[in-house]
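Student: Numbering-wise (the numbering used here), the sequence shown opens with residue 280 and increments by one. We treat Cβ as the ideally placed atom computed from N, Cα and C, and that holds for glycine. These numbers come from a predicted model, not from an experiment.
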Amino acid sequence: MSARQQQSRPKQPAASPPGEPPERLYSIGELADELKVTTRAIRFYEAKGLIAPARRGVARSYSRRDRARLRLILRGKNLGFTLEEIAQYLTLYDADPTQMAQTQMLFARVETAIDDLQTKRADLDRTLRELKEIRAQCAAHLKSRGAGGRPGCP
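#1: Which parts of the stretch 318-351 are runs of the beta strand (DSSP E), unbroken and 3 residues or longer, counting only runs that do not cross its ends?
#2: Applying the 10 Å Cβ sphere with the 16-neighbour rule, what's the burial state of Ile330?
#3: Taking the C-alpha atoms as reference points, what is the distance between Gly359 and Leu403?
#4: What is the residue span of the alpha helix (DSSP H) that Val389 lies within?
#5: Beta-carbon separation of Tyr324 and Ile307 under 7 Å?
#6: Judging by CA-CA distance, which residue of Glu313, Glu302 and Asp345 is the nearest neighbour of Pro332?
#7: Short check: CB of Leu362 to CB of Lys327, under 7 Å?
#8: Determine the direct distance from the alpha carbon of Arg335 to that of Lys399, and round the result to whole angstroms.
#9: Using the rule of at least 16 other Cβ atoms within 10 Å of the residue's Cβ for burial, across every protein chain shown, is Gly355 buried or exposed?
#10: Between the Cα of Leu385 and the Cα atoms of Glu364, Arg414, Tyr305 and Ile321, which residue gives the shortest distance?
#11: In its own chain, which residues sit with a C-beta less than 8 Å from the C-beta of Gln367, not counting the 5 before and 5 after it?
The structure is reproduced here in structure tokens:
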């Protein structure tokens, strides 16, 4: 079953936040404003099958479930997940009420991301050390030649 087909399945409504109607619907503009994304981005995620809002003519109506899925999508993108990984995560989110498979996938992906970032940090630290050494050598050379200070500085 595809991610889009799974999204179409009826879900039991989740508990509403206090003061909010249980079947609250959102417009694309409301979600874009709230989540600080463009409406184009939301339509892109819809085209990729990650969300499936109801349609009323040409207007899209987003449920609280769509809103929650968009938050997960944006968080995944922020953490460096690919759209394919996000789709897998959302499929597991829908399919596994215990969220064990989803949590295991997330754990593995987070471990990989941490390792990648630590490698990048080490590379950046090494590059910064080298650049600072070169800068010091250039400054020393300029000073010894009577140029003093930094080139281009008054």
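Tutor: So, from the listed chains and residues:
#1: 333-335 and 338-340
#2: Taking the first residue of the sequence shown as 1, we reach residue 330 at position 51. Flag for Ile330 reads buried.
#3: Stepping through the sequence shown from its first residue, residue 359 is reached at position 80. Stepping through the sequence shown from its first residue, residue 403 is reached at position 124. Straight-line Cα distance between these residues: approximately 18 Å.
#4: The sequence position of residue 389 within the sequence shown is 110, counting from 1. Its alpha helix (DSSP H) spans residues Met379 to Ser423.
#5: Sequence index remark: in the sequence shown, residue 324 carries index 45 (1-based). Sequence index remark: in the sequence shown, residue 307 carries index 28 (1-based). For Tyr324 and Ile307, no; Cβs fall outside 7 Å.
#6: In the sequence shown, residue 332 corresponds to position 53, counting from 1. Comparing alpha carbon positions, the residue from Glu313, Glu302 and Asp345 closest to Pro332 is Asp345.
#7: Taking the first residue of the sequence shown as 1, we reach residue 362 at position 83. Taking the first residue of the sequence shown as 1, we reach residue 327 at position 48. Taking 7 Å as the Cβ cut-off, Leu362 and Lys327 qualify as a contacting pair.
#8: Counted from its first residue, the sequence shown places residue 399 at position 120. Counted from its first residue, the sequence shown places residue 335 at position 56. About 47 Å.
#9: As a first step, residue 355 must be located in the sequence shown, where it is residue number 76. By the neighbour-count rule (16 or more Cβ atoms within 10 Å), Gly355 is buried.
#10: Mapped onto the sequence shown, residue 385 falls at position 106. When each option's Cα is compared against that of Leu385, the closest is Glu364.
#11: Residue numbering aside, residue 367 sits at position 88 when the sequence shown is read from its first letter. Here the set comprises Met384.
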